[in-house]
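Worksheet: one structure, shown below.
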């Protein structure tokens, strides 16, 4: 039952082959077996058995889940049509406010914060009949690419190899879905935070177009970059979840007013004649030398490169036209621009965490307001928020803003122009999508990169350009490397054309349905069966 | 030898502006990471910018199809303001309470 | 003695009278409410919330810009101004930094002394208000009710030359704001707040010297006094050979003194950047045209027209254009009266305004409509009632909400113009008062007033005084 797709689960609930409550209980049972202790502050030593668990959760919301599941069953009993996600078990990244639940952002500074309202995206999932299982772990305030920076430990472990990271910042989301703890998860993607962990955990992760899904209730990181999005085990499931959430919201001025298409029917179309590009700029791993600032190029992980070519072949066999050597010259600037723009916005967005209105306040005796601020923030915030605040302040300070922030905004235009160029119907490439690796490598070991913030950020080099440009992107599983770690491939498409990239992703999935690699199970699940 | 974009003095100023009371060891770690990051983004400075380039505040262009109508001036009071005030670590008589800013010395 | 002149610029914060706040749907005006009862997640800066612009705030901001002859910008942007303060829940204020809704403009300020000071406007922009704090025993009590109230900040060039001019500007600005309906502009309630930038220079010089900023000026008098005192101080400093430092000063209304401000907020780097949660404010040309065309005739223009068109004095025209409702009332009454403007003007300034004051009403709220006032004056003119009856009718019409003719009929207030009846009455008064009659006939002709009084008393004030006087004279002089 757990391995069913969300779509199938919902169908069976609708036809009463299963009840929502049964589905919920099966998942809660499984969570108890694989998840281990939930994340908490000031966690001590990790024991050996715990080291092999997923630790996706911070807060399990069992009561809420039961209420929702029972409501779905009651509706079906009374002949009321339930929503399109009826009974689907969903986890929510703990960056979304959910009324009366602990909403921590993975930080001590919100460790006691119970949101008085629910985010629009979560609300829509609930209205569609989704069953919220709980809040899952993440990098603190979504700052990171490994989910290791959470103040709530243990941080999530990769279900395929629990000595490795899940990726981040939506690590709890992707791990919970990969380990069958949930069918769907709601994550966020600001520089790649859905797609990169999806690749590391062997699941599907979609970053919709900026503004396609409302940000109201999402604790902000980079306000011009943040996108709520679905994590699932199939493209169809991701489409279903997007259908439930997408669309205008009067509470979000940046949410697009455009009508939401029928994503599911879009998946049914074949991909014959679609033009899918490959760009050499996405086949090299660039890392800056920390002494000179010069960019050093290395090839990406061999198996990942191979996976791209193999999947391109699959798509070509389905009738798509593969267009090689598509230049995307400004891809290389994605990480630098991100270091500037996201930090300026983050520093400002973190101003409100000051111990005055909600959340953590220093326990020390203070008689000076400035001490209240300073002590609350040094105690309540981890390294990553502090770094983002300080960097953000530096690059937007009056004397440095022109050379950093203002400049970065212009380079962002250049990154955007690259995509407009290749997707322009009248341009020489007129692509429907760009096919790229999601990440330069597969999941690294826990602790291997954390602390080296430059290297950590570079894990996002292939995902971050889509955030700057605002376009949609999806990562789908495309096999494993030699050590059995998942590989993800990414499809990037034009504004509001989630339908195009999901169509291609779905076609790829269907064509590789019987591939051997699809039979593999994550370590935590295999160990259960043993 | 990593480049000192941010000196200890400038770092102090930033920390003050950010209202965070860092201790020396954390300060050193954060300052060195910041300097690494600034080195890493050095290439940003070297990019030749075309004069016609406009800043991109958002990636997507927000065409008229995307823009929602401006909000009407209609009252919609929030039903439970007490849910908000009850979040405050210290409150009294429905005010949120914080310590005062002491008088600074006048010269 | 060297001759210095003061160089003053004003920054005013104007609270718009929209129904809701600028970025959320809470009430805009919460004066007198219990603390923290007029808040929502958005204006109290909860995690995850987003601002949504109130169209009426944009509309009123544009209207004010038009009234100040400023250019309404077709595209303007919102920015974040970042700093820490307990009354600022998000830790930043959403404002407009470098691309505001209104640019340029001017105000021609007439001074009572007879000259006009041309004040140039630098810009107008929209922003959100912060909350309020009160300090009790080393603790700050914070109330967010006012967070997010829509403000227009309007900055002038340093074109004022005295505290008096600054004070006069605030008087005229207050009048204008109420006139076009964008703000109640009640300084006591903080609807209109003012900061003044003051510097001095040698008279005749064009240089701009270091200025000080005076904050917390909450009344017209405070503007006048604070600026006068600061000008004095600067002159004394300069004459003593000292430099003026660019201090920020706090005006203490209770002691009437200026204090150097304590907090260091003024040194903050606000790190302004475009607000990513809001789209640029785009105002279409047709919309802008419509706003400009919707402006009514402004107070000073109307004052001038009353002088030119109706030959009223400056004094009268000034009173009649105190507020728009009153001036509309005057013109409507005059239209119905079709007579001398001065007559209606007098009725309004002498009598109507007292009624408005007593009843605390605006001229457009009266049951004593302009039409009815005109009727009353016409009744007096045509001799159907006398003046004192006419004056008493004002209140009667307002209370009864009835046409004055109706009331006259009903209460029999019409002048007794029946000559026979008056003649008979006069004869009886003469008969009953031989001593006074004799005095009159012996030369005390002033007694005519007393006799007239007797006639009026005995007719309950309704006798036609002209006719009564005529008959009295006739009969008194007979003997």
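Chains as they are written, first to last, in the numbering used here: chain A, 1 to 530; chain B, 531 to 637; chain C, 638 to 1116. Cβ coordinates follow ideal geometry from the N, Cα and C atoms, glycine included. Since the structure is predicted, the reported quantities are computational estimates derived from the model, not experimental observations.
To the nearest angstrom, how far is it from the Cα of residue 507 of chain A to the Cα of residue 314 of chain A?
Residue 507 of chain A and residue 314 of chain A: Cα-Cα distance of roughly 9 Å.
Should residue 777 of chain C be flagged as near chain A, meaning a C-beta pair shorter than 8 Å?
For residue 777 of chain C, the answer is yes, since a Cβ of chain A falls inside 8 Å of its Cβ.
DSSP state of residue 635 of chain B, grouped into three classes?
Note that residue 635 of chain B scores a pLDDT of 41, beneath 50, so its modelled location is shaky and nothing firm can be said.
Using a Cβ-Cβ cutoff of less than 6 Å, which residues in the same chain neighbour residue 392 of chain A once the five nearest sequence positions on both sides are dropped?
Counting only Cβ-Cβ distances below 6 Å, and skipping sequence neighbours, we find 343, 344, 346, 347.
Can you name the start and end residues of the alpha helix (DSSP H) that residue 458 of chain A belongs to?
Per DSSP, residue 458 of chain A belongs to the alpha helix (DSSP H) from 453-458.
Starting from the Cα of residue 690 of chain C, find the closest Cα among B:544, B:600, B:594, B:605 and give me that residue.
Residue 690 of chain C has its Cα closest to that of B:600, out of B:544, B:600, B:594, B:605.
Give the DSSP-derived three-state secondary structure of residue 308 of chain A in the structure shown.
In this structure, residue 308 of chain A counts as helix in the three-state DSSP scheme.
Using a Cβ-Cβ cut-off of 8 Å, state whether residue 545 of chain B counts as contacting chain C.
No, its Cβ sits nowhere closer than 8 Å to a Cβ of chain C.
List, in chain order, every chain C residue whose beta-carbon is nearer than 8 Å to that of residue 219 of chain A.
Going along chain C in sequence order, the residues near residue 219 of chain A (Cβ under 8 Å) are 684, 685.
Could you tell me whether the Cβ of residue 436 of chain A comes closer than 8 Å to any Cβ of chain D?
Note that chain D does not occur in the displayed structure, where the protein chains are A, B and C.
Among the residues of its own chain, which have a CB less than 7 Å from the CB of residue 542 of chain B, if the five just before and after it don't count?
Cβ neighbours of residue 542 of chain B beyond the five flanking positions: none.
Is residue 287 of chain A helix, strand or coil when you go by DSSP?
It is a strand residue.
State the start and end residues of the unbroken alpha helix (DSSP H) segment that holds residue 1007 of chain C.
Per DSSP, residue 1007 of chain C belongs to the alpha helix (DSSP H) from 1007-1018.
For a quick check, are the C-beta atoms of residue 205 of chain A and residue 271 of chain A less than 8 Å apart?
No. Outside cutoff.
Who are the near neighbours of residue 791 of chain C in its chain, counting only those whose CB is closer than 6 Å to its CB and skipping five residues on each side?
So the qualifying residues of the chain are 649, 761.
Tell me, to the nearest whole angstrom, how far the beta carbon of residue 224 of chain A is from that of residue 913 of chain C; I am working on the premise that it is less than 8 Å.
Going by Cβ atoms, the distance from residue 224 of chain A to residue 913 of chain C rounds to 4 Å, so yes, they are a contact pair.
Is residue 75 of chain A near the ligand FMN, in the sense that its beta carbon is under 7 Å from a heavy atom of that ligand?
As presented, the structure is devoid of all ligands, the ligand FMN included, so that no description of it is given.
CA-CA distance, residue 387 of chain A and residue 574 of chain B?
Approximately 19 Å, taken between the alpha carbons.
Are residue 501 of chain A and residue 472 of chain A touching if we call contact CB-CB under 8 Å?
It is a contact, given that the beta carbons lie within the stated cut-off.
Using a cut-off of 9 Å between C-beta atoms, extract the partners of residue 695 of chain C located in chain B.
Under the 9 Å cutoff, chain B gives 600.
What is the rounded straight-line gap between the Cα of residue 680 of chain C and the Cα of residue 724 of chain C?
Whole-angstrom Cα-Cα distance: 11 Å.
Give a yes or no on whether the minimum CB-CB distance between residue 740 of chain C and chain B is below 8 Å.
By this cut-off, residue 740 of chain C is not an interface position.
Run the CB neighbour count on residue 903 of chain C, radius 10 Å, all protein chains shown included, and call it buried at 16 or more, exposed below.
Low per-residue confidence applies at residue 903 of chain C: pLDDT is 49, beneath 50, and the placement is therefore not dependable, though the value from the model is reported in the following sentence. By the 10 Å Cβ count, residue 903 of chain C comes out exposed.
Scan the stretch 687-721 of chain C for residues whose Cβ lies nearer than 9 Å to a Cβ of chain A and list them as they occur along the chain.
Hits within the stretch, in order: 687, 688, 689, 690, 717, 719, 720, 721.
Would you mind sorting residue 373 of chain A into buried or exposed? The rule is 16 or more other CB atoms within 10 Å of its CB.
Counting Cβ neighbours within 10 Å, residue 373 of chain A comes out buried, since at least 16 surround it.
Determine, using beta carbons only, whether residue 730 of chain C and residue 695 of chain C come nearer to each other than 8 Å.
Taking 8 Å as the Cβ cut-off, residue 730 of chain C and residue 695 of chain C do not qualify as a contacting pair.
Report, in whole angstroms, the separation of the C-beta atoms of residue 212 of chain A and residue 244 of chain A, which I expect to be a contact under 8 Å.
That pair is no contact at about 13 Å.
Shorter than 8 Å from the beta carbon of residue 737 of chain C to some beta carbon of chain B?
Taking Cβ atoms only, chain B never reaches closer than 8 Å to residue 737 of chain C, which makes this a no.
Give me whichever residues DSSP pairs with residue 157 of chain A in a beta bridge.
Partner(s): A:165.
Would you tell me roughly how many angstroms separate the C-alpha atoms of residue 889 of chain C and residue 771 of chain C, rounded to the nearest one?
Whole-angstrom Cα-Cα distance: 15 Å.
Which word fits residue 697 of chain C, buried or exposed, when buried means at least 16 other C-beta atoms lie within 10 angstroms of its C-beta?
By the 10 Å Cβ count, residue 697 of chain C comes out buried.
How far does the beta strand (DSSP E) with residue 787 of chain C in it reach, from first residue to last?
787-793 is the span of the beta strand (DSSP E), which, as asked, contains residue 787 of chain C.
Taking Cβ-Cβ distances shorter than 9 Å, what residues in chain A pair up with residue 914 of chain C?
The answer, in chain order, is 215, 220, 223, 224, 252, 253, 254.
Based on the DSSP secondary-structure assignment, which residues constitute the bridge partners of residue 888 of chain C?
Per DSSP, C:895.
Can the beta-carbon of residue 1092 of chain C be found closer than 8 Å to that of residue 1113 of chain C?
No, they are not a contact pair.
Touch check for the stretch 424-434 of chain A and the stretch 407-414 of chain A: three-plus C-beta pairs under 8 Å?
Not touching, per the Cβ criterion.
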